[in-house]
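Input: a single structure, listed below in C-alpha cells.
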DNA sequence: TTGTATGCGTTATCAC
DNA sequence: GTGATAACGCATACAA
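Chains as they are written, first to last, in this note's numbering: chain A, 237 to 584; chain B, 237 to 584.
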C-alpha cells in the first residue's frame, strides 16, 4: 500500500486528476456534486497532497520563512499562532528561523538555504533599515517581505501602536493621580507622584527595536498633555535581575503615594516583587501599570496593556499572501491597538 | 534567463544529465576528467540544484527536523553549528523547530506539518521518555530519531558526560583545598570549606533535563571519594536574578577561605558579581568553579568546564545519517567529555 | 464544467 | 563510465 496520490483520488471519485487538483486549490469552476465526491474520495483514502510535487509543478516553494528573535516570551508564541493560522489556510508551510546570533542571519539569507527558497519572508520585531544597511554584508531578501511588530517605510508591515499604548498608560496614570488628589484634600503633592521605568534600548545592535521607545514617548506625551509631570525615570535592561535592582532603587527614592508605569511587564513584575518584600500596599499607596499582559499578569492583578498579537500576526500573513498572489502598489501598514486592562495593582 | 537546470549543465559540459546527477551525488563511477568538466559547467552557470525536484524524484524530503528549546545560550548556537555542518555535507536541509511551549510540540509532530515530512528528527536536551509518555496525547515521530545532549535507552544519542564534568570539578576542588591546607599549617579547617550551587530541576515539566543532576552527582561523588565534604549546598533556578540572590546568601553564610562550585556559568557569574560587590578576592580567599565555558568566562577569568558542543552536534548528525542510509542494529550512544579550563578564579 | 496531455527538475534504471 | 529515458506527483493549458 503506497501513499495515495492524486491519481488514486481521481480514479476513486470517477473524475480526472485536473478536477481533483481544482477542488484542492479552490478553483471555483467545479460543480458542487463533483466537488463533494472528490472530497469524499479524499477522505476515504486519507489522501494528503505531496508538497514536493506541488512545489515542482507549481514552480513555487509554497513556503514562508519567518525570522524570529529567540526570546522565550508568550508574545512570540501568540505571534506565531496568528501567522501560522493564516498561512495554513492558504496552504503555505512556514519555516521558522530563530535568529540565535548575528552570523546566523547572513547564513539564513544566503542563497543556498531554505530561507532563500521561500516565496516570502516575515521578519519580526527587527529594525529592517538597520539590518540591511550597507556595509554589513547582508543583502536584502529579494522576494516579498512583510514586517511584523515593527514598521519601516516602503515595506508592508503589521505593527502594534506602542505610541498609543504608552499614551493610554499616561492618560490613565494621570487620571489616577487626579482622583487621588481629590480624595485627600490639601495635600501639596495633589495625589502623589508619578514614576516610570523604561527598557534600555540597546544601541549598535542588530536586534534593536523601537517598541520600547514608542511606549516611552507616548506615555510622556500623554502625561504632559494632562498637565502632569514625571518625578523620576529609571532605566533597566530587559532582564529580571537588572529589573529587580532598578525596582529597589526606585522604591528607595520614591515618595509615596506613587504611581509607577513600567514599559514592560517584566519590569512591572520586579516592582511587584520588591514592593511585596517591603510590605507596601500595591494598588493603594503604590500603584503599578505594566505593559504586555503576560500570562501571570491576571493572577497577580497587574493593570497592564493587552495587545492583539495573534490578530497582528494573522494580518501580517494576509499582507504577504496578497503580494504572493500578484498584488502591486505601495506598501501597506496595518496598525493594531493595545487595550488597557485595569486590575487591582492600580486599585481597580 | 531562467534559472539553469541540470539539463543546461549537461549540455554545457557535453555530457548527459545522468552524469551530472552522479557528480552531484558523489556516485564514484565517473571519470575524473568528466567530473571536472561538469564541475566547471556548474561553476560557470552558477547552477544550484532544485531541491524540490530532487525531493520528488528521490522520494525523500532531504530534510531533517531539529527540535530545540528556546533558550538564548551559546550552547545551542554551537550545537546547531555542528548539526548543520554535518547535514549540509550530506546535502540535507535542516528545519529548526523552536519548542516555544508544550502545545507546539504536538503541532510540530502532527501529520500535516513540515516536521512530520522530514526524513529524520533530532531532539535536543529533552527527556524523551517523559516527552512521549502515554497520556500526553503526543505520539512519537515514526522516522529515525536521534537525541542530542540527552540520552535514553533504545535511541541513538550523542550526549555530554556531565557526570564526568561534575567529577572533574569535584576532584579539582578537593585538590585545591588540600593544597591550600598544606600552605597554611595548623588551620583546623585544613584549606578552607567547600560549597556548591545547583540548578533547580523543574519537576513535572516537559522541558526537563538530567544535565544538572548529573553534574551534581559527579561532583558529590568525587568530593566524597577524595575524603572531603561539602559545607553547604544552595539551589537556584536558571535565572540571573535568582542566581544573584542565592550568591548573596551563600556569601553571607560561607566561612572563608572557600571554594565554590557552581553547576552552570550563569550561577558562577552571579557569584563573581556578588564577590566583586563585596570586595572579595576571587582566586584567593574565594575560589570559584563554573560549568559551560560561556563566551565571557575567559574574559572574566572563570575556571570552568568546556564542552565539545559542536563535535557532539556533528556526531549526532552522523548517527542519524547512518540510519537514513539504511543502517540497522541496536541504538548507539556517543559520549563526549567536558574538559576543565583553569583560570584565575581558582588562582590559576 | 471537466478530462487529457504536457511540463516541472531531479534521481534511478537501464542499456551501451 | 556514460547517455538515454522512465518515473516521481502535481498544476495547468488546452481541448472537449
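For glycine and all other residues, C-beta sits at the position ideal for the given N, C-alpha and C.
Exercise for review: Just tell me which of B:353, B:436 and B:463 has its CA closest to the CA of residue 292 of chain B.
Suggested key: B:353
Exercise for review: Go through its chain and collect everything with a Cβ distance to residue 407 of chain B's Cβ below 6 Å, but skip five positions before and after it.
Suggested key: 458
Practice item. Please report the residue range of the beta strand (DSSP E) in which residue 290 of chain A lies. Key: That residue, residue 290 of chain A, is in no beta strand (DSSP E); its alpha helix (DSSP H) goes 287-294.
**Study point:** residue 472 of chain A, enclosing alpha helix (DSSP H) - first and last residue
**Key:** Unbroken run through residue 472 of chain A is the beta strand (DSSP E), 468-472; no alpha helix (DSSP H).
Exercise for review: Step through the CB atoms of chain B and report whether any lies within less than 8 Å of the CB of residue 238 of chain A.
Suggested key: Cβ-Cβ to chain B under 8 Å: no for residue 238 of chain A.
Exercise for review: Quick one: give me the first and last residue of the beta strand (DSSP E) that residue 251 of chain B is part of.
Suggested key: No beta strand (DSSP E) holds residue 251 of chain B; DSSP gives it neither H nor E.
Practice item. Taking all protein chains shown into account, decide if residue 287 of chain A is buried (16 or more other Cβ within 10 angstroms of its Cβ) or exposed. Key: buried
Review point. Is it buried or exposed for residue 566 of chain B, if we count other Cβ within 10 angstroms and need 16 for buried?
Key: exposed
Review point. Can you tell me the Cα-Cα spacing of residue 501 of chain A and residue 280 of chain A, whole angstroms?
Key: 50 Å
**Study point:** Own chain partners of residue 277 of chain B with C-beta closer than 6 Å, once the 5 adjacent residues on each side are dropped
**Key:** The residues are 245, 248 and 249.
Check your understanding: Who are the neighbours of residue 333 of chain A on chain B, taking C-beta pairs under 8 Å?
Key -> 332
Practice item. Please decide whether residue 287 of chain B counts as near chain A, where near means a Cβ-Cβ distance under 8 Å. Key: yes
Review point. Between which two residues does the alpha helix (DSSP H) harbouring residue 271 of chain B extend?
Key: From DSSP, the alpha helix (DSSP H) with residue 271 of chain B extends over 268-281.
Point to revise | Inter-residue Cα distance where the pair is residue 414 of chain B and residue 436 of chain B | key: 29 Å
Check your understanding: Hey, is residue 471 of chain B's beta-carbon within less than 8 Å of any beta-carbon in chain A?
Key -> no
Exercise for review: Verify the contact flag: residue 428 of chain A, CB atom, against every heavy atom of the ligand GTP, threshold strictly below 7 Å.
Suggested key: Judged by which ligands are present, the structure shown has none, so any question about the ligand GTP falls away.
Point to revise | Cβ shell of residue 290 of chain A (< 7 Å), same chain only, five flanking positions each side left out | key: 298
**Study point:** Selection of the segment 473-498 of chain B by Cβ proximity to chain A, strictly under 9 Å
**Key:** 475, 476, 477, 478, 479, 480 and 481
Exercise for review: Using a Cβ cut-off of 7 Å, pull out every chain A residue sitting near residue 337 of chain B, in sequence order please.
Suggested key: 313
**Study point:** Own chain partners of residue 267 of chain B with C-beta closer than 7 Å, once the 5 adjacent residues on each side are dropped
**Key:** none
Review point. Does the beta carbon of residue 358 of chain B come closer than 8 Å to any beta carbon on chain A?
Key: no
**Study point:** residue 554 of chain A versus A:379, A:255 and A:394, residue with shortest Cα-Cα distance
**Key:** A:394
Review point. Would a check of beta-carbon distances place residue 514 of chain A closer than 8 Å to chain B?
Key: Interface criterion not met: the Cβ of residue 514 of chain A is under 8 Å from no Cβ in chain B.
Check your understanding: residue 292 of chain B CB to nearest chain A CB: under 8 Å?
Key -> yes
Point to revise | DSSP state of residue 301 of chain A mapped onto helix, strand, coil | key: strand
Check your understanding: What's the C-alpha gap between residue 344 of chain B and residue 333 of chain B?
Key -> 8 Å
Review point. At a Cβ threshold of 8 Å, is residue 353 of chain B touching chain A?
Key: yes
Check your understanding: In chain order, which alpha helix (DSSP H) runs of at least 4 residues are fully inside the segment 517-577 of chain B?
Key -> Whole alpha helix (DSSP H) segments, 4+ residues: 531-535 and 545-560.
Check your understanding: With a CB to CB cut of under 6 Å and the five nearest residues on each side skipped, what residues in its chain are close to residue 330 of chain A?
Key -> Excluding positions up to five away in sequence, the list reads 300, 302, 320 and 323.
Practice item. Quick one: list the residues of chain A neighbouring residue 297 of chain B, beta-carbon separation under 9 Å, in chain order. Key: 287 and 288
Check your understanding: For residue 495 of chain A, which of helix, strand or coil comes out of DSSP?
Key -> strand
Review point. So, do the segment 568-579 of chain A and the segment 541-549 of chain A have three or more beta carbon pairs nearer to each other than 8 Å?
Key: The segment 568-579 of chain A is in contact with the segment 541-549 of chain A.
Check your understanding: If you draw a straight line from the alpha carbon of residue 530 of chain A to that of residue 427 of chain A, how long is it in whole angstroms?
Key -> 29 Å
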